[in-house]
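Single-structure report; data block below.
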Amino acid sequence: MTDTPTNPMKFDRDTIRTAILDSKGTVEVVDCFGVKVEIRTPALEDLLQYRDASEDPKIMARAIANNCWVPGTEERVFDDADIDSIMKLKFTPDMKKLNRAVTKILGGDEAIQEAVEDDTKSNPA
């Protein structure tokens, strides 16, 4: 026998669509490098660039460049031209903090984070 609620909530199509389409996503403000950086959930269309992540050695730098914002604005911290400079950054505790926040906002799990950190340990810059 299954339990069924006596008064289940019912939503109409418009209510459901509005709730989904008006979703703002997650925003996390990270303190690192002596500044605050806003990390935002990307739009679904923006996630498509990460499809071939395993084949892109610069994927984490791209993720940082694309998802870091000046807090409270519509201004990205980095441009695409900064990706090579981000790749050359040392993996300091502040960089780990930023990397973890971006990985988390992209829906990454601990396995992804550990792989990035293990790779940096085995391939020091």
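All you need for the numbering used here is the position in the sequence shown, starting with 1, plus 9. All C-beta atoms, glycine included, are put in the ideal place defined by N, C-alpha and C. Remember, predicted model here, so these are calculated numbers, not experimental data.
Proximal residues to residue i (C-beta, below 6 Å), its chain only, five neighbours per side dropped
i, result
"I73", "I95, V111"
Option in the options with minimal Cα separation from residue i
i, options, result
"E83", "L53, V36, D23, D65", "V36"
"D91", "C77, G81, F100, D103", "C77"
"L57", "N75, D23, D93, P102", "N75"
"M69", "D93, V44, R22", "D93"
Classification of residue i by the beta-carbon crowding that lies within 10 angstroms, buried from 16 upward
i, result
"M18", "exposed"
"A134", "Low per-residue confidence applies at A134: pLDDT is 49, beneath 50, and the placement is therefore not dependable enough to give any value."
"G117", "buried"
"I25", "exposed"
"L107", "buried"
C-alpha gap between residue i and residue j, whole angstroms
i, j, result
"R98", "L53", "Correcting the residue identity first, residue 98 is Leu in this sequence and not Arg. Using only the alpha carbons, I get a separation of about 28 Å."
"T27", "T50", "18 Å"
"F100", "S32", "33 Å"
"D89", "K67", "11 Å"
Residues bridged to residue i [DSSP beta-bridge criterion]
i, result
"I48", "E37, C77"
"R85", "W78"
Neighbourhood of residue i by C-beta distance below 8 Å, restricted to the same chain and skipping five residues each side
i, result
"K45", "V38, V39, P80"
Close Cβ partners of residue i (< 7 Å) along its chain, the five nearest in sequence each way excluded
i, result
"R85", "C77, W78"
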